[in-house]
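Peer 1: So the protein sequences, as listed, match chains A and P. Per numbering that gives the first Met the number 0, residue 0 is the first one in the first sequence, and the count goes up by one each step. Per numbering that gives the first Met the number 0, residue 0 is the first one in the second sequence, and the count goes up by one each step. Yeah, the Cβ is synthetic: ideal placement off N, Cα and C, and Gly gets one too.
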Amino acid sequence: MASQQSTDLKAVTSGYKVQPLRHPSRWVGAIVVLLLTLIAVNSMVTNPRFEWDVVAKYLFSTSILNGILNTINLTITSMVIGTVFGVLLAICRLSPNPIMSGAVGAYVWIFRATPTLVQLLFWYNLGALYPELGIGIPGGEMFFSMSANDVISPWTAALLGLSLHQAAYTAEIVRAGIVSVDSGQREAATALGMPPLMTLRRVILPQAMRAIIPPMGNEVISMMKTTSLVSIIAVPDLLNSAQTIYARTYQTIPLLIVATFWYLVLTAALTVLQGMLERRFGRGNTRTPSSSSSLIKWIQTRAGRNSTLTAVRTERKR
Amino acid sequence: MSTPLVRVAGVRKAFGHNEVLKGIDFTVESGQVVCLIGPSGSGKSTMLRCINHLETIDGGELTVDGAHVGYELRGNVLHEIKESEACRRRTEIGMVFQQFNLFPHMTVMENLIEAPTRVKKEKRSVAKARAMDLLRRVGLENKAEAYPRQLSGGQQQRVAIARALAMEPKLMLFDEPTSALDPELVGEVIQVMNDLARSGMTMIVVTHEMEFARAAADVVVFMADGWIVERGTPDELLNNPQNERTKAFLARVL
């Protein structure tokens, strides 16, 4: 079929010179953007207060690298806990038991309606609310107890705050994903004798993934940046490490640039990962994003008279 | 006389205040092909969905292979069955849907072996061998590794029939299996269904394809507004209808 289409195209163009449509306004736009970029780069290079030598000095310093590791660790751990808990919440949310789904609804409401920073401070100060944490009969004897300040270290407070908050968002994303799968899929699985949990795991969730992965990818990236909030409860993450240094040296801007640089690198890496995951879960869907970027296609179509047709042809083939 | 495979007696079903089945009676003997025809909204599809317990009936009696659908009779009390038992019973009834409902994230082969290997715990090799046999039967042995989206509607529906057969059911339900197909693709699905009918499979088919009813059905049941209006052999009902509503309906579709 593809070959027939390309011969059709040849037939249409045979004997004629093809003049592609010109877009002068696009060139004007491109030139303006390039000029603005040049001005920005120029100021970054010439303004001595950027102190690029200080940036270079601290970019790979031990405490900054440790901060990066802590940021990555915190992102992954709270994302994993938040996702697992969130999926469970989503399943409970769709339960036919009204108390169950109502309780999850309340949880989602509370944890989405309060700022992450407030939650982090709350967990950090849990000791003021419950000085003793332990296991026992409610209102009765305690079998085992510990001081809350020992249990809730800054790290646990950060993990609790971030993952419980994330679970509420994940629950909503997963629920929306599950609901987006055509009801005929559940019926077909049921008619084949598949029990509800197997249907969910084997049929519904893999298809829901297509709706879940893109927003979850965004959640991971957003989580990575949200972890910077934990610097306020003295967890030595990337931002906190930079702050600790500039509190001593007063080189605030260069160290914030160091932190910014690493956040950019981490986000870029996560974005690549997100794209890979999206392609992986697009299986069986012909509308997966194509691999070549729009910039490359744009350049290809500019490059020569004939390549316009080549580009069209390859697109059709795909 | 042996008990019928499916016995429907005075079955009622309502969605809210809308009563879609108002007391349906019919039986299907093992090996029979019964076609349910009638205008849309007459309750044919709901009747079919009640038989494999995708819907629960509100009144009357419905038994498959002697067992009450959705219940177990102990003494004089119908006990609602557990989910696991409901699943086991559904494995004995195959169902084919109007919209095919193949699993889009699995290949044709994976669609066919999913339920046999996971629900019936069959060995993969055994399930695969039978799946290949079934794909040959529906003429799609070269499409085992294709994804449903790469197939035409007719091919998808043939895969869906093979998927239902892979569970080795004793009863097959077809819910308007050709209604979502382009006209030129209807024939290939009808042919597979004809072959299946000739092989002795018990089938209940909701359809608008009168040619299939004529060729394959033992009994044709005409439903309208939640009632059975008329029933008979294809020859009696399609060539010599007695009821005015049947006549009016057939005049429109034949």
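Please determine if the stretch 118-126 of chain P and the stretch 149-164 of chain P are in contact, where contact requires at least 3 C-beta pairs separated by less than 8 angstroms.
Peer 2: Flag = no, the stretch 118-126 of chain P and the stretch 149-164 of chain P do not touch.
Peer 1: Return the first residue and the last residue of the beta strand (DSSP E) that residue 170 of chain P is part of.
Peer 2: As a working mapping, residue 170 of chain P is identified with position 171 in the second sequence. Its beta strand (DSSP E) spans residues 170-174.
Peer 1: Hey, could you find the ends of the alpha helix (DSSP H) residue 47 of chain P is sitting in?
Peer 2: Here residue 47 of chain P is taken as the residue at index 48 of the second sequence, counted from 1. Element bounds for residue 47 of chain P: 43-50.
Peer 1: Which residue spans inside the stretch 235-287 of chain A form an unbroken beta strand (DSSP E) run of at least 3?
Peer 2: Counting only runs of 3 or more, we get nothing.
Peer 1: Quick check on the burial criterion: 16 or more other C-beta atoms within 10 angstroms. Buried or exposed for residue 52 of chain A?
Peer 2: Translated into the one-based positions of the first sequence, residue 52 of chain A becomes position 53. Exposed is the call here.
Peer 1: Would you call residue 229 of chain P buried or exposed, if buried means 16 or more other Cβ atoms sit within 10 Å of its Cβ?
Peer 2: One-based indexing of the second sequence puts residue 229 of chain P at position 230. Looking at its Cβ environment, which holds 16 or more other Cβ atoms inside 10 Å, residue 229 of chain P is buried.
Peer 1: Ignoring anything shorter than 3 residues or poking outside the stretch 56-122 of chain P, list the beta strand (DSSP E) runs there in chain order.
Peer 2: As far as the stretch 56-122 of chain P is concerned, its whole beta strand (DSSP E) runs of at least 3 residues are 58-63, 70-73, 76-79, 92-95.
Peer 1: Take the Cβ of residue 43 of chain P as the centre, count every other Cβ of all protein chains shown within 10 Å, and call the residue buried at 16 or more, exposed below.
Peer 2: Locating residue 43 of chain P in the second sequence gives position 44, counting from the first residue. Buried, since its Cβ has 16 or more Cβ neighbours within 10 Å.
Peer 1: Roughly how many angstroms separate the alpha carbons of residue 57 of chain A and residue 181 of chain A, rounded to a whole number?
Peer 2: Reading the first sequence from its first residue, position 58 is the one you call residue 57 of chain A. Reading the first sequence from its first residue, position 182 is the one you call residue 181 of chain A. Using only the alpha carbons, I get a separation of about 53 angstroms.
Peer 1: Please state whether the Cβ-Cβ distance between residue 206 of chain P and residue 175 of chain P is less than 8 angstroms.
Peer 2: Position 207 of the second sequence, counted from the start, is the residue given in the question as residue 206 of chain P. Position 176 of the second sequence, counted from the start, is the residue given in the question as residue 175 of chain P. Yes.
Peer 1: Please list the terminal residues of the continuous alpha helix (DSSP H) segment that includes residue 17 of chain P.
Peer 2: What you label residue 17 of chain P is simply residue 18 of the second sequence in a count that begins at 1. First-last for residue 17 of chain P: 17-27, but that is the beta strand (DSSP E), not the alpha helix (DSSP H).
Peer 1: Please list, in chain order, the chain P residues whose beta carbon lies closer than 7 angstroms to that of residue 202 of chain A.
Peer 2: Walking along the first sequence from the start, residue 202 of chain A turns up at place 203. Chain P residues near residue 202 of chain A: 102.
Peer 1: Restricting to Cα atoms, I'd like to know which of P/213, P/17, P/162, P/14 is closest to residue 99 of chain P.
Peer 2: Translated into the one-based positions of the second sequence, residue 99 of chain P becomes position 100. It is P/162.
Peer 1: Return the residue from the list A/147, A/159, A/257 that minimises the CA-CA distance to residue 61 of chain A.
Peer 2: Taking the first sequence and counting its residues from 1, one reaches residue 61 of chain A at position 62. Comparing Cα positions, the closest option is A/257.
Peer 1: Taking 8 angstroms as the limit between beta carbons, can you name the residues of its chain near residue 157 of chain P, skipping five residues before and five after?
Peer 2: Here the question's residue 157 of chain P lines up with position 158 in the second sequence. Cβ within range, chain order: 137, 138, 139, 187, 188, 191.
Peer 1: With distances taken Cα to Cα, identify the nearest neighbour of residue 63 of chain A among A/275, A/266, A/262.
Peer 2: Walking along the first sequence from the start, residue 63 of chain A turns up at place 64. Out of A/275, A/266, A/262, A/262 has the C-alpha closest to the C-alpha of residue 63 of chain A.
Peer 1: If you run the structure through DSSP and keep just helix, strand and coil, what is residue 141 of chain A?
Peer 2: What you label residue 141 of chain A is simply residue 142 of the first sequence in a count that begins at 1. Of the three classes helix, strand and coil, the one that applies to residue 141 of chain A here is strand, per DSSP.
Peer 1: Which residues share a DSSP beta bridge with residue 6 of chain P?
Peer 2: In the second sequence, residue 6 of chain P corresponds to position 7, counting from 1. Partner(s): P/26, P/62.
Peer 1: Using a Cβ-Cβ cut-off of 6 angstroms (strictly less than) and excluding sequence neighbours within five positions of residue 114 of chain P, which residues of its own chain qualify?
Peer 2: Indexing the second sequence from 1 puts residue 114 of chain P at position 115. Counting only Cβ-Cβ distances below 6 angstroms, and skipping sequence neighbours, we find 166.
Peer 1: Measuring CA to CA, which of P/21, P/213, P/53, P/85 is closest to residue 59 of chain P?
Peer 2: Here residue 59 of chain P is taken as the residue at index 60 of the second sequence, counted from 1. Cα-wise, what sits closest to residue 59 of chain P is P/21.
Peer 1: Could one say the Cβ of residue 51 of chain P lies closer than 8 angstroms to chain A's Cβ atoms, at least one of them?
Peer 2: If you number the second sequence from 1, residue 51 of chain P lands on position 52. It does; some Cβ of chain A falls within 8 angstroms.
Peer 1: Going by C-alpha distance, which of P/232, P/224, P/225, P/227 is nearest residue 211 of chain P?
Peer 2: In the second sequence, residue 211 of chain P corresponds to position 212, counting from 1. The residue with the shortest Cα to Cα distance from residue 211 of chain P is P/232.
Peer 1: Residues of the stretch 89-101 of chain P with a CB closer than 7 angstroms to any CB of chain A: list them in chain order, please.
Peer 2: Cβ contacts with chain A come from 89, 90, 94, 96, 98, 100.
Peer 1: Please decide whether residue 197 of chain P counts as near chain A, where near means a Cβ-Cβ distance under 8 angstroms.
Peer 2: Locating residue 197 of chain P in the second sequence gives position 198, where the first residue counts as 1. Closer than 8 angstroms: no.
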